[in-house]
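Residue 2 is where the sequence shown starts when you use our numbering, and the numbers rise one by one after that.
Built from N, CA and C at the ideal position, the CB exists for glycine as well.
Notes to accompany the following structure.
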Amino acid sequence: MEPRPLPPLTSATLYLVATPIGNLEDITLRAIRVLRECDVVAAEDTRRTGQLLQHLGLRTPLLSYFQFNEARRSGEILQRLARGEKIALVTDAGTPGISDPGERVVQAALAHGFRVESVPGACALVAALTASGLPTAEFHFAGFLPHKSGARRQRLEALAAVPGTLVLYESPYRIERLLGELREVFPGRRLVLARELTKKFEEFRRGTAEELLNSSSPRSWKGEFVVLIAPAGFDAPLSAQPDPTA
Ligand code: SAM
2 MEPRPLPPLT SATLYLVATP IGNLEDITLR AIRVLRECDV VAAEDTRRTG
52 QLLQHLGLRT PLLSYFQFNE ARRSGEILQR LARGEKIALV TDAGTPGISD
102 PGERVVQAAL AHGFRVESVP GACALVAALT ASGLPTAEFH FAGFLPHKSG
152 ARRQRLEALA AVPGTLVLYE SPYRIERLLG ELREVFPGRR LVLARELTKK
202 FEEFRRGTAE ELLNSSSPRS WKGEFVVLIA PAGFDAPLSA QPDPTA
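Right under this line is the structure:
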């Protein structure tokens, strides 16, 4: 059966396009088509997105759009939408707007009556949660914690009351510090550390904060992490992921 031709992109639309979080195969056919057929790709880092476009054999023009000029660039994106352009918004990795720029321009586009479409794909939070073995029916995504000690502690204490699995993002520079804080605020709670998802050294570590701190060497805190905290009372048996290279 011949595949039915897909309708062309809609003019005056902002497309939020998810890109890989490590494995370059994790990009959808629709994402590739939108990146090819849009008028411009608004990117968090044009150099990085340029590499992705090159890998995909695409030559669509790029526009820089990042956190510190989000306000100014939102204005430019609105002007382009008003001219009827189709704009793809991408970030460095994963889904735009999830601990990444995007929210502001989506709100601005909607406030001006433009169409916004999601082109779903990779997202570290979903990849980590679904393979963690922790409850998925109810979860709370809190993204990155504040950096300052007092504010971090306050935020964690407030999150301790939230039902369901708690999901955090953390930079490799602060992951050990975070585990130390979790040991105090969530003593005995089961954690899953999802490291380097979709990449060569993908790994799931499971245990309490105390166990994870005791069993990991300082070197092993390298890479990108999603931190998942089981709901209070969760005690299903979960073993660490077998190492495929062992
Ligand atoms: N927008 C992205 C998404 O959809 O997941 C998240 C961007 S946020 C700036 C980057 C954080 O996401 C990292 O510090 C880490 O917590 C998490 N992350 C991104 N890629 C990851 C990966 N491959 N493995 C584990 N965590 C990842």
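Taking the C-alpha atoms as reference points, what is the distance between residue i and residue j?
{"i": "Glu182", "j": "Arg31", "result": "41 angstroms"}
{"i": "Glu185", "j": "Gly144", "result": "20 angstroms"}
{"i": "Val227", "j": "Ala72", "result": "29 angstroms"}
{"i": "Arg60", "j": "Gly23", "result": "22 angstroms"}
{"i": "Arg105", "j": "Ser75", "result": "7 angstroms"}
{"i": "Thr29", "j": "Ala110", "result": "24 angstroms"}
{"i": "Pro147", "j": "Pro232", "result": "22 angstroms"}
{"i": "Glu77", "j": "His56", "result": "27 angstroms"}
{"i": "Tyr170", "j": "Leu160", "result": "14 angstroms"}
{"i": "Gly165", "j": "Arg5", "result": "42 angstroms"}
{"i": "Arg207", "j": "Val107", "result": "37 angstroms"}
{"i": "Glu177", "j": "Leu192", "result": "13 angstroms"}
{"i": "Val127", "j": "Glu118", "result": "19 angstroms"}
{"i": "Pro9", "j": "Val41", "result": "15 angstroms"}
{"i": "Trp1", "j": "His141", "result": "The first residue shown for the chain is 2 and the last is 247, placing residue 1 beyond what the model contains."}
{"i": "Arg153", "j": "Tyr174", "result": "15 angstroms"}
{"i": "Ala13", "j": "Leu7", "result": "18 angstroms"}
{"i": "Leu180", "j": "Thr131", "result": "21 angstroms"}
{"i": "Ser100", "j": "Gly58", "result": "28 angstroms"}
{"i": "Ser133", "j": "Arg220", "result": "23 angstroms"}
Measure the Cβ-Cβ separation of residue i and residue j and say whether it is below 8 angstroms.
{"i": "Ala248", "j": "Pro238", "result": "With the chain covering 2 to 247 only, the question about residue 248 has no answer from this structure."}
{"i": "Leu194", "j": "Leu167", "result": "no"}
{"i": "Asp27", "j": "Thr199", "result": "yes"}
{"i": "Ala89", "j": "Cys39", "result": "yes"}
{"i": "Leu157", "j": "Leu229", "result": "no"}
{"i": "Arg81", "j": "Thr11", "result": "no"}
{"i": "Ala138", "j": "Gly95", "result": "no"}
{"i": "Gly224", "j": "Phe202", "result": "yes"}
So, at 6 angstroms on beta carbons, what are the nonlocal neighbours of residue i in its own chain, with the 5 sequence-adjacent residues on each side left out?
{"i": "Val120", "result": "Tyr16, Val18, Arg31, Ala32, Val35"}
{"i": "Thr47", "result": "Leu63, Ser65"}
{"i": "Glu248", "result": "The structure shown does not extend to residue 248, since the chain is modelled only from 2 to 247, so the question has no answer here."}
Does at least one heavy atom of the ligand NAD sit under 7 angstroms from the Cβ of residue i?
{"i": "Ala162", "result": "Absence of the ligand NAD from the depicted structure is noted, with the ligand SAM being the only ligands included."}
To which residues of the same chain is residue i closer than 7 angstroms at the C-beta, ignoring the five residues directly before and after it?
{"i": "Gly98", "result": "Leu17, Glu104, Val107"}
{"i": "Gly189", "result": "Thr209"}
{"i": "Glu211", "result": "Arg184"}
{"i": "Leu53", "result": "Thr20"}
{"i": "His1", "result": "The question about residue 1 has no answer, for the chain in this structure spans 2 to 247."}
Looking only at its own chain, which residues have a Cβ that is under 8 angstroms from the Cβ of residue i, when we skip the five neighbours before and after it?
{"i": "Ala129", "result": "Val168, Val193, Ala195, Leu198, Val227, Leu229"}
{"i": "Leu25", "result": "Leu53, His56"}
Practice task
For the ligand SAM, list every residue whose C-beta falls under 5 angstroms from any of its heavy atoms, going in chain order.
Solution key: With the cut-off at 5 angstroms, the residues found are Ile22, Gly23, Gly95, Thr96, Ile99, Ser100, Asp101, Cys124, Ala125, Tyr170, Leu198, Glu225, Val227.
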